[in-house]
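For reference, the structure discussed in these notes is given below.
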Amino acid sequence: MKKLLNVILELSKIYHKKLSVRTGFFMSNHHRGMKRNLSVSPVKKQFRMKSDTISVKNGIKFLGTPVKSESDKKEYRLIQLSNGLKALLIDSRNVISHAISESEDDESDDDGSQGENSDVEDESCTEETLAACSLMIDVGSFSDPPEIQGLAHFIEHMIFMGSEKYPIENDFDQFINKCGGSSNADTDCEETSFYFEVTETHLDEALDRFSQLFIAPLMSRNAMEREKQAVDSEFQQKINIDESRREQLLAELGNKNHPCSSFTWGNFKTLRENIDNDTLYKKTHEFRKRHYSGHRMYVALQARKDLNSLQALVERYFSEIPSNNLPGVDFTKFTNENAFQADFQEKIYYVKSKSDINKLDITWCLPSIMGKYKAKSDEYVSFLIGHEGKGSLCSYLRRNLLALEVRAGIDFSGFEHNSMYSIFMMNIVLTDYGLENIEKVLVPVFSYLKLLEESRVSEDLFKELQQIEENSFKFQTEKQAIDNVEEFVVNIKYYEPEDILTGPSLYFEFNESDILKLISNLNQRTFNLMISSNKSIPDIDYKFKEKWFGTEYGTKSFPSEWTQLWEQRQILPQLFLPEKNEFVPSNFEILPLNSDNMEYPQKLIDDDTLQLWHRQDDKFLLPHSHIYFYFMNSSVQKSPADACKLNLFSLVLRYYLVEALYPATMTGIGYQCYSAELGYVIKVYGFNEKLHKIIDIIMKYATTIDQIMEENVVQVMKTQLLKNYHNTFIKPGALSREVRLMTIQEYFHPSYIKYNHLLVTDFDDLKKFIPKFMSNMKIQCLIQGNTAPDQARSIGESVLKVLSTNVLENPIETCAKEIPIGSNYICVKSLRDLDSNSTVTNYYQVGKSSIRLTATLDMLVSLVEEPLFDILRTKEQLGYEVSMSVRDTFGILGLTITVKNQENKFSSMTVDKRIEDFCNEIINILTNMSPDDFETARDSLIKLKALPDTELKEEVQRNWTEITEEEHIFDRRFREIEHLKQISQKELIEFYTDLINDKNKRKLSIQVMGDDKIDEISESDDRMQTDEAHKPVQIEYRSCYDTAINDLDTFKNSLKTFPVVKTLLD
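All letters in the sequence shown, in the order written, are residues 1 to 1066 by full-length UniProt numbering.
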């Protein structure tokens, strides 16, 4: 439930990870259940600083100091203002200022998305930083009036629509964007959060504008209709997401008067059709005045200021928020026992999914564990059920080709984890064979639960998990300020002051009785079974339809045979609890630096086969390293058949790797193996002591996989890959991207074409492909971190020894196509039937890449992205997601403007016209901008580009991009900043005027069109689509323009091909 405010340059990659990490054979990241990994863990008692007393000074209560890690250089203070608002102050003066990107996961999903990420940040010695603030209110969607579902979410949107002091709509967003920041908000079931980041220079004024949104928001009648459309558009964007549909179906199974039965999103029906504007206006203000009270608010503020200065800012700007001292809605009468109807556990639910995926969800509704965080009983049990090593449930299901992935635990979302109940879930991704044989899946599931019940709770295992957390805590890396405040502001509400930083993950104490109680609850036959697939299940009548998302489902009583399976379950001999983890690190020594250590990576090996770059870390000084390999082969670049075989190889390899490497991923080591545009990528990272062993294991499997892989396994992986492709090309945004890249890249293989090739690929084809790929390649490698040069060279040489590869026969060249002058249109029908969602992307090709041209385009985007959002999204409501980006396609720069719309509200042709109108308006925006505003925006962009990394992986990823693109401009951002300083407002206007002149404009409009008659489709028409699955797929062109392209291959072949282009340094 978010109002995404796209007010930050895409090039900065400042994204905020909200979702828990999944595991399984196709997800190799570390997972300890379904809760978010916060990388904190127990501390020794001498480090704990309890706050047993509360002091008061000048009306301000001092509530204590959170426990922090030895490596955490920040200072903290928790206070409470006279209006009851609690605030966590975070002084980050001793911290390297900022991390640009949070996610290590930049790989292809083997579903059609390709290539290494080229949008990364560079470092600088600047002292500028981004400060961040978050404000959370102790109210959410569970407090919606029954007659106005989605009201809390609607108010979250309305809050941004100006204040009495700053009455211009979107004034706050415009200010934040101008000052190089970003903002966001989300509505959960029991909380609503707002947060922003901004260059520290503008923090004072940003706090003034931000606080006024809660002191005296306008929430005017004029803004109401537009924000109703925004809420409905947001809902429409999520309507095909199976996770959201499943959650709402569970809500439908809730007892009518229980908050869990709410429709929390809101849409036109709840906010426009079921209520008149006068009533909505009145109820909106009543809800805000009743619940948006200072005594129910929490603030987290981080900046490079001392605690007293931060406290002064909080007092100055948040003390004026009024407080009514009224309690929130009383939920005490609602518990897990009265949450769901009897059918919840008495019937099996068969759900028609939108994606091509088979799932078995087993759901228990348990007493709330909120406040019971010290024993971590749920995490202990989640670890066991979700384990993927030898003897695990997941291993058994995979070996028998019944399932591919098992997740378990209590999710962090408000619907599943709240003050009334906690939802414990097992999510099992089934193979087609598993879907057809549910009983064979249930036998080991029921058996494993019995194993837990009859096994001794292992204090040794608990201590091992505790030790792993202690290692992570002691050597934790710094995070973005925006991520800190977003996380900590919620923790203020739910944890004791000393546990705000560590409470979510700290293993405080071993409590055998708590663990046994949870295991006992899971061994009660009170769970819900939900089977989801887009394949027809024999004898199931999908006669029911969920009210809001329209999810079709059927039910049947819990079969007596399954009841017998449960009552007579026995422990299978193949199932047993995890053994001692041999990958837990013990050596955390920081290696001494050589006197000649360089600022940028240096080549240690450079021959016809391997180019190995190395840099020993001298900034972060943690026992961490990153080892990246890119195995390139020109055949996968030029042949879609080989590209799909490489994707299949990737899935098969990861299938066999999981059991061997899963224990390592539990200890602070991560790995990724994925196919990219020019070959195959292996990344290993984390504690450096045993990383070389992980590389050895991966290479052993990679070079022998063609000998050990089994035909039935390959067939299952092939089916899974077909599903991955299908789940990509049915998304309008993904298809739009693929059509664009297929047009402007000399070689690009979209998911639907690879899908068609995979249909005719068999076991023997893969078996022949693997040695061919392995025997002829060029390898790029980067080893960076706490690894010495001789160690790095040894790793590279050992990989070469295992491979015994030949020199690449054909050079790899990457080129782009030149778009003709004029407006060129490719209009295609969405490959998802019965869906109104569309995507319009207008691509404007600019020219060959240079440092100055890149800086100029970045400056242009920074100035016009907020007006674009304000006009096309906020005022005209063309679509919920609106964005503008700089694109670099093999050295050819371009601009894209993307709008995700609903075809039954605004046609794609209308959206294209409005984008063009806005492009013409940009000249007026630039011309009418004051010199001061131009200078402010330019300075903010310079500061944004100059922000230094906080984590090692940020520097590594930036260097890796330079290496894989063979540019090697490691100081790229320094150079761009120098050019930015020289760009004048006049020069930018002249540049843009020339760019959009009809004599020069090279426009490619990609329009993936949804169904414009979706409202007229009857329920009976909403039929299953994948009974037609696994047949060749073709895109269907629409002749919406006289000049529309209806044969992409012919059009592409007519285009001029640019030579290989490298960035000019000017």
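Ideal Cβ placement from N, Cα and C applies to all residues, glycine included. Computed from a predicted model, the values in this text were never measured in an experiment.
Burial state of residue i, where buried means 16 or more other Cβ atoms lie within 10 Å
i: D188; result: buried
i: N491; result: buried
i: A792; result: buried
i: V1060; result: exposed
i: T279; result: exposed
i: I695; result: buried
i: R958; result: buried
i: L451; result: buried
i: V441; result: buried
i: V56; result: exposed
i: D1047; result: exposed
Chain-order list of residues whose beta-carbon lies under 7 Å from that of residue i (same chain, five-residue window excluded)
i: M777; result: F631, M632, N633, G679, T805, L808
i: G59; result: S82
i: D706; result: K767, I770, P771
i: L653; result: C673, Y701, A702, I705
i: S775; result: T805, N806
Same chain, Cβ closer than 6 Å to residue i, neighbours up to 5 away in sequence not counted
i: Y1041; result: Y825
i: S836; result: Q902, E903, N904, G1010, D1011, I1014
i: H692; result: I795
i: Q302; result: I90, S92, A132, A481, N484, V485
i: I571; result: S447, K450, L451
i: Q174; result: E866
i: N521; result: L366
i: W960; result: Y628, L782
Beta-carbon contacts of residue i that lie in its chain and below 8 Å, excluding the five residues immediately before and after
i: G371; result: Y494
i: R1038; result: C827, V828, K829, Q1007, M1009, A1044
i: S71; result: K474, F475, Q476, L622
Cα-Cα separation between residue i and residue j, rounded to whole angstroms
i: I428; j: L648; result: 22 Å
i: Y752; j: D606; result: 38 Å
i: D933; j: E273; result: 42 Å
i: D111; j: L758; result: With a pLDDT of 40 at D111, under the threshold of 50, the modelled position of that residue is not reliable, and the figure given next carries that caveat. The straight-line gap from Cα to Cα measures roughly 12 Å.
i: C815; j: V681; result: 21 Å
i: R938; j: R973; result: 14 Å
i: E459; j: S505; result: 17 Å
i: I783; j: Y600; result: 12 Å
i: K479; j: Q236; result: 33 Å
i: L612; j: E797; result: 10 Å
i: I321; j: D432; result: 56 Å
i: P789; j: S625; result: 12 Å
i: T284; j: I148; result: 10 Å
i: E689; j: I423; result: 38 Å
i: L565; j: L577; result: 22 Å
i: K238; j: F62; result: 43 Å
i: D204; j: I922; result: 30 Å
i: E978; j: H202; result: 23 Å
i: K603; j: V886; result: 31 Å
i: E225; j: L893; result: 38 Å
i: C919; j: I996; result: 8 Å
Beta-carbon separation (whole angstroms), residue i vs residue j, contact threshold 8 Å
i: C644; j: K754; result: 4 Å
i: M297; j: I362; result: No, M297 and I362 are not in contact; Cβ-Cβ is about 38 Å, not under 8 Å.
i: R975; j: L1065; result: 7 Å
i: N756; j: V1033; result: 6 Å
i: S940; j: T199; result: 6 Å
i: A223; j: E169; result: 6 Å
Would the segment 222–237 and the segment 257–269 be scored as touching if the rule is three or more Cβ pairs under 8 Å? yes
Touching by the beta-carbon criterion (3+ pairs, under 8 Å), the segment 311–322 and the segment 524–540: no
Touch test, the segment 210–221 against the segment 155–173, Cβ-Cβ under 8 Å, three pairs minimum: yes
contact_flag[the segment 655–668, the segment 498–514] where n(CB pairs < 8 Å) is 3 or more: no
Any 3 or more C-beta pairs closer than 8 Å across the segment 378–394 and the segment 335–344: no
Are at least three pairs of beta-carbons, each pair with one atom in the segment 406–415 and one in the segment 533–544, less than 8 Å apart? no
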